[in-house]
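Structure, as structure tokens:
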Amino acid sequence: MALPLDGALDTLLPLRGAVVTLACTQAARMNFFHQPALTAFLRFLAGSPADYETLIRLDAPESGRVRYRKGDYYRFLIIGLAGSEALLDRLLQQLSQLPDSAPKQGRELPFRDNWRLVSVQDMLSGEPAQAIGQLGIYDRDRLEAEVELWAGCRQFDWQWVAPARVLKDKAQREGMDREAKFIRDAADLTDGLLLLRAWNALASLLRTRGVETLPVRETPLTQPVAAHLFWLDVQYRDVSGRGKDMGGVSGRLRLVLPEGLTPVWWRLLVLGQYLGVGQRAAFGWGRYVLRDMDGAQSCRRVFPANSLLVLAQEA
Numbered sequence: 001m002a003l004p005l006d007g008a009l010d011t012l013l014p015l016r017g018a019v020v021t022l023a024c025t026q027a028a029r030m031n032f033f034h035q036p037a038l039t040a041f042l043r044f045l046a047g048s049p050a051d052y053e054t055l056i057r058l059d060a061p062e063s064g065r066v067r068y069r070k071g072d073y074y075r076f077l078i079i080g081l082a083g084s085e086a087l088l089d090r091l092l093q094q095l096s097q098l099p100d101s102a103p104k105q106g107r108e109l110p111f112r113d114n115w116r117l118v119s120v121q122d123m124l125s126g127e128p129a130q131a132i133g134q135l136g137i138y139d140r141d142r143l144e145a146e147v148e149l150w151a152g153c154r155q156f157d158w159q160w161v162a163p164a165r166v167l168k169d170k171a172q173r174e175g176m177d178r179e180a181k182f183i184r185d186a187a188d189l190t191d192g193l194l195l196l197r198a199w200n201a202l203a204s205l206l207r208t209r210g211v212e213t214l215p216v217r218e219t220p221l222t223q224p225v226a227a228h229l230f231w232l233d234v235q236y237r238d239v240s241g242r243g244k245d246m247g248g249v250s251g252r253l254r255l256v257l258p259e260g261l262t263p264v265w266w267r268l269l270v271l272g273q274y275l276g277v278g279q280r281a282a283f284g285w286g287r288y289v290l291r292d293m294d295g296a297q298s299c300r301r302v303f304p305a306n307s308l309l310v311l312a313q314e315a
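Printed below as a string of structure tokens:
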């Protein structure tokens, strides 16, 4: 029996987040976006389980840096959804055994036996964590507390922090092929489309986890203003070496809410920051943060191990 989407969110919770810091033991060269290579590495460490994409999300804040030297640190975030406990525990164990647990083949791979674990911290508290039992939980109470921070907000900024493969409105993508079906710039946005895609993303995730939800009845009106959106061409190679298109939209925009949002919609938008929107969310694609007019955000973000200023000084 189909459930209301809001109630079905409880099947995704609690979330657990591990902030992982590695140290480079041999030089590594990355593509601009690290998510595909990092996902392949974590999948290998996890034993390539079939349900990986429904249980794990990641954030790769180091994307943009392409060279790492011996001794450099590398930081990323792993988020485990409800049901990921065994998988997340295995990942933490395998990370602690680096470099011995890493793939030994493929010297061209940026993530292989050229990293060792420095630390794992809880996403919520920042405290050290050596096992899954030491990770805090992001449950319904924490979600409600974060949603409360947005109550009454009538305009906010939506900032993409990773490329997003978000489908255009159905009428707009009629007859289009492949990459042309996705939002590429502000002209592709229709009122309420981003909110609808946030709903669709969670409904799709729930469906792949075996939970059917009721269709959306009505999408609140939103007015996109001050939008600066652009398309980024990205490719990655699959296990057979074939190139795969993985481009996505990036940038930011401001959304004005003529009638405000109900708590249900705020729950979707807040939770979507941790889970992503659009295709390839399990790769870390489609991640975004919401900011109010003062630039404040409620979502806990992870930052690179070294700032761009430090890297520039070392260059």
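Numbers 1 to 315, taken from this note's numbering, label the letters of the sequence shown in order. We put the beta carbon where it would ideally sit given N, CA and C, even for glycine.
Three or more beta-carbon pairs drawn from the region 62-72 and the region 32-43 are found closer than 8 Å, and the two stretches are therefore classed as touching.
For Arg209, there is no enclosing alpha helix (DSSP H), as DSSP gives it neither H nor E.
For the pair Leu45 and Leu91, the CB atoms are nearer than the 7 Å cut-off.
In the three-state DSSP reduction, Val270 falls in the helix class (H, G or I). Between Leu195 and the set Ala145, Phe156, Leu55 and Ala27, the nearest pair of CA atoms involves Phe156. Under the DSSP assignment, Gly7 falls in the alpha helix (DSSP H) whose first and last residues are Leu5 to Ala8. Counting only runs that start and end inside the region 30-86, the alpha helix (DSSP H) elements of at least 4 residues fall at 35-46 and 52-55. In this structure Asn306 touches Tyr73 by the C-beta definition: roughly 7 Å separates them, less than 8 Å. In this structure, Trp160 lies near Ser250, with their beta-carbon atoms less than 7 Å apart. Separation of Asp188 and Gln172 (C-alpha to C-alpha, rounded to the nearest whole angstrom) is 8 Å.
A Cβ-Cβ contact shorter than 7 Å links Ala164 with Gly248. Apart from sequence neighbours up to five positions away, the residues of its chain that approach Gly243 with a beta-carbon distance below 8 Å are Gln235, Tyr236 and Arg237, ordered along the chain.
Rounded to whole angstroms, the Cβ separation of Val211 and Asp6 is 12 Å, and the two are not in contact under 8 Å. Distance from the CA of Gly80 to the CA of Gly272, rounded to the nearest whole angstrom, comes to 14 Å. The C-alpha of Phe76 lies about 34 Å from the C-alpha of Gln223.
The Cβ-Cβ distance between Ile183 and Lys170 does not fall below 7 Å. The alpha-carbon separation between Leu109 and Gly71 amounts to approximately 18 Å.
Counting along the chain, Asp245 sits inside the beta strand (DSSP E) bounded by residues Gly243 to Asp245.
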